[in-house]
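Here the structure comes first, spelled out in structure tokens, and everything after it is commentary.
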DNA sequence: TAATAATGTTAGATTAGTCTAAATATAAAG
DNA sequence: CTTTATATTTAGACTAATCTAACATTATTA
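Residue numbers (this note's numbering), protein chains in the order written: chain A, -12 to 211; chain B, -12 to 211.
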């Protein structure tokens, strides 16, 4: 199950980039320049690395063609995502970092090599299913337990849902959420949709009713 | 207060090695081959790095002479030690790693760059003064709060002391400690010293009396 | 104190990751 | 279906960290 070879930080970062870029389209592939943009490097550097990753059978790639992860490569990438998200939960829940402060540090922590560390961390955190942005945390075996998430704006009138994350993680937005007492796990029922401006009347915790803007609803991720 | 330049993992490791090696003698210096041994690298590699660290004014060094940290270099080294030991406390106290399992992972974690992370971690851990091996944790400003530690064998008859660490951190020894209920913070009173074999009669928690070997007493660090 | 041993440095090579400039292949547009 | 634009790769160079083999200096000891 564990990756056969020890990968460098750099290689891990490429795999993670390729993973998240390929998730964005139907064919699950990406290109040299997209990767270069993401990693903040130049295309020739990427080409070199692509050759190396092909050698290691972590991607499938032929020159001038688009790039896909192999099964092994995807496995590695998902495990990095797992580590990243678990660390984000730690930083947020335990060290009280704000939602928008966790990413940068998790970016470093995700490369720490120790099976045991991650297993124990996960246990310590109480086997969380989602990171502070509401993104799902893959299992130790690399399964990504994707759930169908939508934005609050798309929930039908009369339906109830539960907050699983946010799209915008600016301080302003997060502060507003805190103020109206909305966080991960909050149950929301959509009472009425106002077609004029797309705003919603919602209730929290069955009694408390309030009105929120379209912009708000576009940035709250929920599951029904 | 914070180091002006960003150092690589490798540079940090050299500074840490030079620090701990120079602490071992009166003149606070060390040599090329001692460093090579410690870092598990070859002397020529060390020579190159020494030149680089001299350039950056982190060590004072002339060729063929012995090596000392500058004030700046010592500051950096101590901050790495601080991070290392705080992480050790985290791994031991929170993630329930055994005393002898924490080192390797802390070795990686110590290089994570984030002032904030360390400050918050320290707070979260309750501002610990010592790591799981009883070594003192330097303050954020880099002060190493050294206390006078001795081995249990050197405590006088009739005197009481407190366990602050161990010299031997083998699993066998740690298991034995656990079995007789001795850990960091345990108060021990020396009742009698047997000159014949150097063994001690001691009491734990005033009532419970027991006898321990010289080997045991040589490996328990205490403060009086 | 001169010979020998131990320690340290130079020289030159290697690998990983990066770059710029030039060449080549694919895609887009007329 | 050519031409032009865009994307990608090759070539060649650079830095950091490492190595081995050869050379130089310092320390030891006979």
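A virtual CB, placed ideally from N, CA and C, is assigned to each residue, including glycine.
Name the one or two DSSP bridge partners that residue i has.
i: residue 195/A; result: 191/A
i: residue 147/B; result: 176/B
i: residue 142/B; result: Residue 142/B pairs with nothing; no bridge assigned.
i: residue 152/A; result: 208/A
For a test of the three-state rule: what should DSSP assign to residue i, helix, strand or coil?
i: residue 116/A; result: coil
i: residue 179/B; result: strand
i: residue -12/A; result: Bear in mind that a pLDDT of 49 at residue -12/A, under 50, signals an unreliable position, so the number given afterwards is only what the model happens to contain. The answer is coil: DSSP assigns residue -12/A none of H, G, I, E or B.
i: residue 208/A; result: strand
i: residue 162/B; result: helix
i: residue 203/A; result: helix
i: residue -6/B; result: coil
i: residue 168/A; result: coil
i: residue -1/A; result: helix
Between residue i and residue j, is the Cβ-Cβ spacing less than 7 Å?
i: residue 119/A; j: residue 74/A; result: no
i: residue 150/B; j: residue 206/B; result: no
i: residue 178/B; j: residue 188/B; result: yes
i: residue 62/A; j: residue 121/A; result: no
i: residue 33/B; j: residue 46/B; result: no
i: residue 140/A; j: residue 211/A; result: no
i: residue 5/A; j: residue 17/A; result: yes
i: residue 125/A; j: residue 68/A; result: yes
i: residue 144/A; j: residue 201/A; result: no
i: residue 41/A; j: residue 51/A; result: no
i: residue 44/B; j: residue 28/B; result: no
i: residue -4/A; j: residue 55/A; result: no
i: residue 99/A; j: residue 95/B; result: yes
Since I believe residue j is in contact with residue i (beta carbons under 8 Å), could you give me their beta-carbon distance rounded to a whole number of angstroms?
i: residue 97/A; j: residue 71/A; result: 4 Å
i: residue 64/B; j: residue 112/B; result: That pair is no contact at about 21 Å.
i: residue 167/B; j: residue 208/B; result: 16 Å between Cβ atoms; not a contact.
i: residue 161/B; j: residue 173/B; result: About 13 Å separates the two Cβ atoms, so there is no contact after all.
i: residue 186/B; j: residue 169/B; result: No, residue 186/B and residue 169/B are not in contact; Cβ-Cβ is about 15 Å, not under 8 Å.
i: residue 107/A; j: residue 83/B; result: 7 Å
i: residue 89/B; j: residue 79/B; result: 5 Å
i: residue 37/B; j: residue 25/B; result: Incorrect: roughly 13 Å between the Cβ atoms, too far for contact.
Exercise for the section: Taking only runs that begin and end inside the stretch 1 to 61 of chain A, name each unbroken alpha helix (DSSP H) of 4 or more residues, in chain order. Expected result: Runs of the alpha helix (DSSP H) lying entirely within the stretch 1 to 61 of chain A, each at least 4 residues long, are 19 to 26 and 30 to 42 in chain order.
Problem - Whole alpha helix (DSSP H) elements within the stretch 57 to 140 of chain B, 4-residue minimum - result: Whole alpha helix (DSSP H) segments, 4+ residues: 58 to 76, 89 to 96 and 102 to 111.
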